[in-house]
Amino acid sequence: MLNQMIYNGKNQQGQGEAIAVLDPASLQVITTFHSATVVQVDAAVATAQQAFLQWQNYSDQQVKQCLTAISADILSSRDELARLICLEQGKPLAVAQLEVDMAVYWLNVTNALEIPVLRQQDEHGKVMQTYHRPVGVVASITPWNWPLMIAVWHIIPALKAKNCVINKPSEYTPLSSILLVEIINRHLPAGVCNIVLGEGDVGAALTQHHGINKVTFTGSTVVGQQILSHSAQDLTPVILELGGNDAAIVLDDVDVATIAEKIFNAAFFNAGQTCACIKRLYVHVDVYDAMVEALVDLADQQVLGHGLEPTTTMGPIQNIKHYHKVKTMLAAALEEGAVIANKSIATVPEEGYFIAPLILTNVKEQSDIFASEQFAPILPVVKFSDIDEVIQQSNATDYALGASIWTQDLNRASHLAKQMQAGTVWVNSHADVSPHAAFSGWKMSGLGSSFALDGLLQFTQKQVIHGLS
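Going by numbering that gives the first Met the number 0, 17 is the number at position 18 of the sequence shown; the sequence numbering is gapless.
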């Protein structure tokens, strides 16, 4: 049942408050679930601890076979998963289907990785071998913007490293995660992969639990700071993928007609509700007017509506709390002098948390919509003429997740990319994350890394054995 938790391999009815899951496009109730209590969180942790005693001893080949079966099962459930994502998150069905496909792709790439053993020998012939052992029980806290894909990003590398996992999805979008954990449980021993439901208090009870050996969290910087603070008590290691305020810099040599749609998609994908979307666009004065006009044309062509409607190209803001936050930020920016450049703003449905895609000009850099992560279908566009100055401006933020340079001169791009303060810098693309490369944030955008071997090893702890030949 997709309104119940799963731990010890069984569906478990929550004993806490009832929470409704809304379709953000229609505002209809999809289902209602009951939150976990502290006692139930304790039970889930105890279950995972017990399961770890067996799971950690599985061979690498056994783990690979389990994950291969899970991948095939997810793919066979593609239609059901995509529909759930569409209903609970609001994104168009085609984007939800892409989310399932990308989740499977990430799973397969991660499953193909091998955890290395490092053998070293000193000048006296002494041999040292470094192993990467599982940490134990991992708490995974996942957000509402990409509920299935980010759950896979957390859960699969943790399982690959032979840990047990307890996932707590966003209370706004738990359904696809419940089905994911249900699928996983068809192929693993009971208690290896679990899910508990609830709001932030349940997440706090889980991440602060003495039986948790690692926390992985994707979400806001504020909550990430709270998790990091609480982790100090037990010195629990954490992986934090937090907010971003990504800048993109468009140089004077670009062909606007070629790149405008790429930039638009990188800013407005999932209605701008992606951590690595373009949040600030700096455009050279020589191509500024043409770029703004091209982006406005693309924005005004969007069709807002329910994700199950085949004509829909953009869904709603996912929840009412964030909807009001974005509306407040927009109103403040306009009061401070920002200008909506759109010519004929896309029609907004009467029901649902919809905000039309907007291109803003004349935005003050101290404006909240520019200085912080708006996480919305709104793109501030700023004109520049001095490249050194704009690099400095783009770096003048507490966030440093991603950034991009747009130019036909790759030598120049290489030089400028190294000056940008961000964990990932793209050239002539943006938000193009890959399971083959590590992804991490600098500054207030996070700790640790995800993806590839570097991300997999985050779910291990080193053990060095001396004296073996």
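For each residue, glycine too, the CB sits at the ideal point set by N, CA and C.
Using a 10 angstroms sphere on the CB of A337, the tally of other CB atoms reaches 16 or more, which defines it as buried. Shortest Cα-Cα distance from D100 to any of V116, I114, A71, K125 involves A71. DSSP lists L303 as the beta-bridge partner residues of M313. Taking the C-beta atoms as reference points, V255 is found no nearer than 8 Å to V380. Rounded to the nearest whole angstrom, the CA to CA distance from L97 to M443 is 29 Å. Contact between E364 and Q392 holds, with the beta-carbon distance rounding to 7 Å and staying under 8 Å. For S75, the uninterrupted alpha helix (DSSP H) run begins and ends at 59 to 75, by DSSP.
Less than 8 Å divides the Cβ of I5 from the Cβ of E181. The beta strand (DSSP E) runs lying completely inside the stretch 78 to 162 and spanning 3 residues or more are 117 to 120, 126 to 133, 136 to 140, given in chain order. Counted as a single uninterrupted DSSP element, the stretch harbouring L1 is not any alpha helix (DSSP H), since DSSP gives it neither H nor E. DSSP places V237 in the strand class (E or B) of the three-state scheme.
When the Cα atoms are used, L452 and N410 turn out to be separated by approximately 29 Å. Shown here, V381 sits in a strand according to DSSP, grouped into three states. Within 10 angstroms of the beta-carbon of A231 lie fewer than 16 other beta-carbons, which makes it exposed. Sixteen is the threshold: when 16 or more other Cβ atoms of the shown chains lie within 10 Å of the Cβ of P142, as they do, the residue is buried.
According to DSSP, H283 shares a beta bridge with F383. DSSP, read as helix, strand or coil, puts Q460 in strand. The alpha-carbon of I183 is positioned some 53 Å away from that of D285.
Under DSSP, I248 takes part in a beta bridge, and its partners are Y281, I404.
Around the beta-carbon of P309, fewer than 16 other beta-carbon atoms lie within 10 Å, marking it exposed. Counting C-beta pairs closer than 8 Å gives fewer than three between the stretch 371 to 378 and the stretch 417 to 430, which falls short of the contact rule.
Taking a cut-off of 8 Å on C-beta distances, the stretch 216 to 230 does not touch the stretch 49 to 59, as fewer than three cross pairs fall below it.
Residue pairing by DSSP places V28 opposite L21 in a beta bridge. Our two residues, S139 and A289, have alpha carbons roughly 44 Å apart in a direct line. Judged by DSSP secondary structure, Q224 falls within the alpha helix (DSSP H) whose first and last residues are 220 to 230. Its Cα nearest to that of H229, the residue A204 stands out among A204, E240, D252.
V426 is bridged by DSSP to I404. For P236, the closest of N10, V94, G8, G447 by C-alpha to C-alpha distance is G447.
Going by DSSP, I183 is part of the alpha helix (DSSP H) stretching over 174 to 184. C-alpha of T206 to C-alpha of I177: approximately 19 Å in a straight line. For Q11, the uninterrupted beta strand (DSSP E) segment begins and ends at 9 to 11. Under the three-state reduction of DSSP, A399 is assigned to strand.
Around the C-beta of R279, 16 or more other C-beta atoms lie within 10 Å, and the residue is accordingly described as buried. Residue S439 holds the alpha-carbon nearest to the alpha-carbon of I238 among N269, P23, C163, S439.
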